[in-house]
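For the sequence shown, numbering that gives the first Met the number 0 begins at 0 and goes up steadily by one.
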Amino acid sequence: MNPIKRTEVIGDCTLYLGDCLSILPLLGKVDAVVTDPPYGINAARDRNSEKWGWRDFPVTGWDKERPSPEAFKTLLQAAEHHIIWGGNYFSDLLPASDKWLVWDKCQSDFSLADVELAWCSFKGAARRINYPRSKALQDGKVHHTQKALEVMEWSLAQLPSGVASVCDPYLGSGTTGVASVKRGLRFIGVEANEHYFDIACERIRKAYAQPDMFVQRAPEPVQEALL
C-alpha cells in the first residue's frame, strides 16, 4: 500500500500527507533535516507535572509520547546535516554534539521552558537567538507547538554552507517550509495530520505569493553561446 495519501507541489516545495517513517525511505537523501518532532509533553497528567506549565492539549491522543529510537535512525539516515528542535528531550537517542541552538524567549518562569534547545549533527559553536515569546505569537499560532518563523529562518542560516535542500518530516503548520521559501531553498515536508497539512500548504502558497525582496535567489544557469 502506498503510504503517500496526497502530494502537493508548490514552487520548490513538495509536501506529502502520510506517516514520515514510511515515506522518508522512499524519497532519497536531502542536504539537511530541520524539524521539531513531538516531545511527548502531552503526557502531563501521567507525570503530574502541571505545576511546571504542562497542560493537556485538546487534540485527542496528540503528543502522548516522543518518537521511537527507530524514528530517529530514519531521520539521521535521511540527510547529511540535521537540526532537531527539542534535542534535550531526545539526548539519549542522539549522538553527542557540541553544536546546539538556543531560542531564548526573553521571559523567565512564565510557564513551560524559558528557552528551547536544538541539537545539531554538525560541528560548531553553540548559538543563541533572543526572540520574545510575545513577538512569536504575532505570527498567528495555528499549531500547539508552532515555532516562530524568525526562529526557523535563523535556524536555517546556521546550516553549513552549500545546503540547498531541506526536509521537515514533522511538518505541522509548515513554518520550516515557509522559512525555506524565504531563504530560497528546496523543501520537502511530510505531515500525518490532514488538517495541519492543509494549513501548511496554504501558508507556503502565501509565502510564494508574497516573496521577500531581500532574499537572494540562486542564479539560473546560463547557456554559453556556441562559437
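Yeah, the Cβ is synthetic: ideal placement off N, Cα and C, and Gly gets one too.
Query                                                                                                                                                                      : Result
Is it true that the CB of Val32 sits closer than 8 Å to the CB of Ala78?                                                                                                   : yes
According to DSSP, is Leu16 part of a helix, a strand, or is it coil?                                                                                                      : strand
Please list, in chain order, all residues of the same chain as Gly171 whose beta carbon is under 6 Å from its beta carbon, the five residues on each side excluded.        : His142, Tyr195
DSSP puts Cys166 in a beta bridge; with which residues?                                                                                                                    : Val32, Ile187
From what residue to what residue does the alpha helix (DSSP H) around His194 run?                                                                                         : 193-208
With a Cβ-Cβ cutoff of 8 Å, do Gly183 and Asp167 count as a contact?                                                                                                       : no
Is it true that the segment 122-134 meets the segment 79-86, where meeting means three or more beta-carbon pairs spaced less than 8 Å apart?                               : no
Kindly give me the distance between the Cβ atoms of Val29 and Val114, rounded to whole angstroms, as I take these residues to be in contact under 8 Å.                     : Incorrect: roughly 28 Å between the Cβ atoms, too far for contact.
Helix or strand or just coil, what does DSSP make of Thr144?                                                                                                               : coil
Three-state secondary structure (DSSP) at Ala117?                                                                                                                          : strand
Drop a sphere of 10 angstroms on the beta-carbon of Val58, count the other beta-carbons inside from all chains shown, and report buried for 16 or more, exposed for fewer. : The predicted model places Val58 with a pLDDT of 49, which falls under 50 and marks its position as unreliable; any figure quoted below should be read in that light. Exposed, because fewer than 16 other Cβ atoms sit within 10 Å of the Cβ of Val58.
For chain C, find out if any of its Cβ atoms is closer than 8 Å to the Cβ of Val8; answer yes or no.                                                                       : In the structure shown, chain C cannot be found, because there is only a single protein chain.
Grab the span of the beta strand (DSSP E) containing Ala78 for me, first residue to last.                                                                                  : 78-84
Please report the straight-line C-alpha distance between Met151 and Gln106, rounded to a whole angstrom.                                                                   : 19 Å
With DSSP as the reference, identify every bridge partner of Val177, one or two as the case may be.                                                                        : In the DSSP output, where bridge partners are listed per residue, Val177 has none listed.
Based on Cα-Cα distance, which residue from Glu193, Lys205, Gln157 lies nearest to Thr6?                                                                                   : Glu193
In this structure, how does DSSP classify Arg65 when only helix, strand and coil are distinguished?                                                                        : coil
Taking only three categories from DSSP, how would you classify Asn1?                                                                                                       : coil
Can you grab the Cα-Cα spacing for the pair Val162 / Ala112, in whole Å?                                                                                                   : 30 Å
DSSP state of Arg126, grouped into three classes?                                                                                                                          : strand
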